[in-house]
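Only one structure is covered here, and it is reproduced in the block below.
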Amino acid sequence: MGRISRIPQAIVKLLTSGDRDCWTIEEIQHSLNSAGVAADFSSIFRASQKLEEEGVLNKVELNDGKSHFEITRRHHDHLVCQKCQTVSQIPCEFFEKSIKKTVLDMDFQVLSHTLILEGICKTCQSIEVR
Ligand SMILES: [Zn+2]
Ligand SMILES: [Zn+2]
C-alpha cells in the first residue's frame, strides 16, 4: 500500500512548488502522472479531500463546477479569466472597504468570505486585439 500513502505527499509537493495557485483534480493528476507518480482521479480526489479536512489544502469554488485546491496560506481572493481559465491571486481588500463598517453596523461576525472576479486576462486581451 506504499503507493497510496505517497499520493498525499506528492500532491503537497506539487502544490507548494511553482507559482500556480489553484489546481483542479485533472491538473493534479496530469502533473503527477507526468512526474511518474501513478495515481488515478479518485485516489487524488480522496487524498485532496483528506488534506482539506486536515487543513493542509483549501478548496476554492470558482463557479465552473470543478473543485480547485490550493495550499492553505494567507487568505487572498481570486481573478478568473473566462477565456483561458487562468486563476490569479489578489490580495484581499474586503476589510479595507466600506463593507467593513456596514458589516460591523449589522453586528455580524464574519468567519469567511469568497470573492471571485471574473473577466479577461491580459494575455487573452492581447490575443483578441490581433
Ligand atoms: Zn488562491
Ligand atoms: Zn486568459
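Following my numbering, the numbering of the sequence shown begins with 6 at its first residue and continues without gaps. Quick reminder that beta carbons are idealized off the backbone N, C-alpha and C, glycines included.
Task: Any heavy atom of ligand 1 within less than 6 Å of residue CB: hits in chain order - done: D26, C27, V65, E75, H81, H83 and Q94
- [ ] Following the continuous beta strand (DSSP E) through E101, name the residue where it begins and the one where it ends.
- [x] The residue you call residue 101 lines up with position 96 of the sequence shown. Note, E101: premise wrong, no beta strand (DSSP E); not H, not E.
Task: Assumed close pair L20, I76 - CB separation to whole angstroms, cut-off 8 Å - done: As a working mapping, residue 20 is identified with position 15 in the sequence shown. As a working mapping, residue 76 is identified with position 71 in the sequence shown. At roughly 5 Å, the Cβ-Cβ gap stays under 8 Å, so L20 and I76 are in contact.
Open item on the list: Measuring only from the beta carbon, is T91 closer than 6 Å to any heavy atom that is part of ligand 2?
Closed with: By one-based count along the sequence shown, residue 91 stands at place 86. At least one heavy atom of ligand 2 is nearer than 6 Å to the Cβ of T91, so yes.
Task: Nearest residue (CA-CA) to C129, options L109, L120 and T91 - done: Position 124 of the sequence shown holds residue 129. Ranking the options by Cα distance to C129, first place goes to T91.
- [ ] Look up Q90 in the DSSP assignment and say whether it is helix, strand or coil.
- [x] Within the sequence shown, residue 90 is the residue found at index 85, counting from 1. Note: Q90 maps to coil in three-state DSSP.
Task: Range covered by the beta strand (DSSP E) that runs through F113 - done: Within the sequence shown, the letter at position 108 stands for residue 113. Premise fails: F113 is in no beta strand (DSSP E) and is neither H nor E.
Task: Per-residue DSSP class, three states only, for V42 - done: In the sequence shown, counting from the first residue as 1, residue 42 sits at position 37. Looking at V42 - three-state DSSP - the assignment turns out to be coil, as it is neither helix nor strand.
Open item on the list: Whole angstroms are fine: how far does the CA of E133 sit from the CA of R11?
Closed with: What you label residue 11 is simply residue 6 of the sequence shown in a count that begins at 1. What you label residue 133 is simply residue 128 of the sequence shown in a count that begins at 1. When rounded, the distance between both Cα atoms is 43 Å.
TODO: Quick one: grab the DSSP three-state call for K154.
DONE: No answer is possible for residue 154: the residues shown for the chain start at 6 and end at 135.
Open item on the list: I'd like the list of long-range same chain contacts for T29, defined as Cβ closer than 6 Å, with 5 residues on each side in sequence excluded.
Closed with: Numbered from its first residue, the sequence shown carries residue 29 at position 24. Within the same chain, T29 has close Cβ partners K71 and H73.
Task: I104 to L120 span [Cα, whole Å] - done: To locate residue 104, count along the sequence shown from 1; it is residue 99. To locate residue 120, count along the sequence shown from 1; it is residue 115. If I take the Cα positions, the gap works out to 13 Å.
Open item on the list: Closer than 6 Å to a non-hydrogen atom of ligand 2 - does that hold for the CB of T128?
Closed with: In the sequence shown, residue 128 corresponds to position 123, counting from 1. Correct: T128 has its Cβ closer than 6 Å to ligand 2.
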